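*Asks:*
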Amino acid sequence: MSKPDELLVDVATLVESGQSNQMSLTVVTGGAVITGRLAPEAVWRQRVSEVLTDSARLCEFAAIFTATTPHEGPPTHLHFHVARILQGTVGIPETGGMYRVSIADVSAWTMGDFSYSDH
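Numbering-wise, the sequence shown is residues 4 to 122 according to this note's numbering.
#1: Find out if the Cβ-Cβ distance for the pair Glu44, Glu19 is shorter than 8 Å.
#2: Would His82 be called buried (16 or more neighbouring beta carbons within 10 Å of its own) or exposed?
#3: Return the residue from the list Ile37, Val14 and Gly33 that minimises the CA-CA distance to Met26.
#4: Could you tell me which whole alpha helix (DSSP H) segments of length 4 or greater appear in the region 33-100?
#5: Given that a residue counts as buried once 16 or more other Cβ atoms are within 10 Å of its Cβ, and exposed if not, what is Val109?
#6: Let's test the definition: count the other Cβ atoms within 10 Å of the Cβ of Arg87 and tell me whether it reaches 16, buried, or not, exposed.
#7: Measuring only the C-alpha atoms, how far is Leu10 from Gly33?
Here it is, written out as structure tokens:
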């Protein structure tokens, strides 16, 4: 979208203000369908940092996810956790992943997450 959808920005703002991670959302961006729950950016960054800290190969990257200054103005990104990229009837990764999506790049969206089958 050349101009981010104001309603989607409002949803992201509410997630950020409430520190909730229970809002399910599905978006289309760059031809991919991503479905899962939104998290406030600070919560998402902390979780990414924890995952990286636990990795022997990637632990040096953990600090960049916690060393940030608060963002001024409305949210510019959606922060998904427990999310999957839908490919046919399969959700990738199987256990759910963490994705950061620019609101400006979302071409379509709907409330709730889509079901999929990994069989």
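Here a beta-carbon is modelled for each residue, glycine too, at the ideal position from N, C-alpha and C.
As the structure is a prediction and not an experimental result, all values here were calculated from the model.
*Replies:* Reading off the structure:
#1: Within the sequence shown, residue 44 is the residue found at index 41, counting from 1. Within the sequence shown, residue 19 is the residue found at index 16, counting from 1. Yes, Cβ-Cβ distance for Glu44 and Glu19 is below 8 Å.
#2: Taking the sequence shown and counting its residues from 1, one reaches residue 82 at position 79. The residue in question, His82, is buried, as its Cβ has 16 or more Cβ neighbours within 10 Å.
#3: Reading the sequence shown from its first residue, position 23 is the one you call residue 26. Among Ile37, Val14 and Gly33, the Cα nearest to that of Met26 belongs to Val14.
#4: Fully enclosed alpha helix (DSSP H) runs of no fewer than 4 residues occupy 44-56 and 65-69 of the region 33-100, in order along the chain.
#5: Here residue 109 is taken as the residue at index 106 of the sequence shown, counted from 1. The residue in question, Val109, is buried, as its Cβ has 16 or more Cβ neighbours within 10 Å.
#6: Taking the sequence shown and counting its residues from 1, one reaches residue 87 at position 84. Buried: at least 16 other Cβ atoms inside 10 Å.
#7: Along the sequence shown, one-based indexing puts residue 10 at 7. Along the sequence shown, one-based indexing puts residue 33 at 30. In this structure, the straight-line span from the alpha carbon of Leu10 to that of Gly33 is close to 20 Å.
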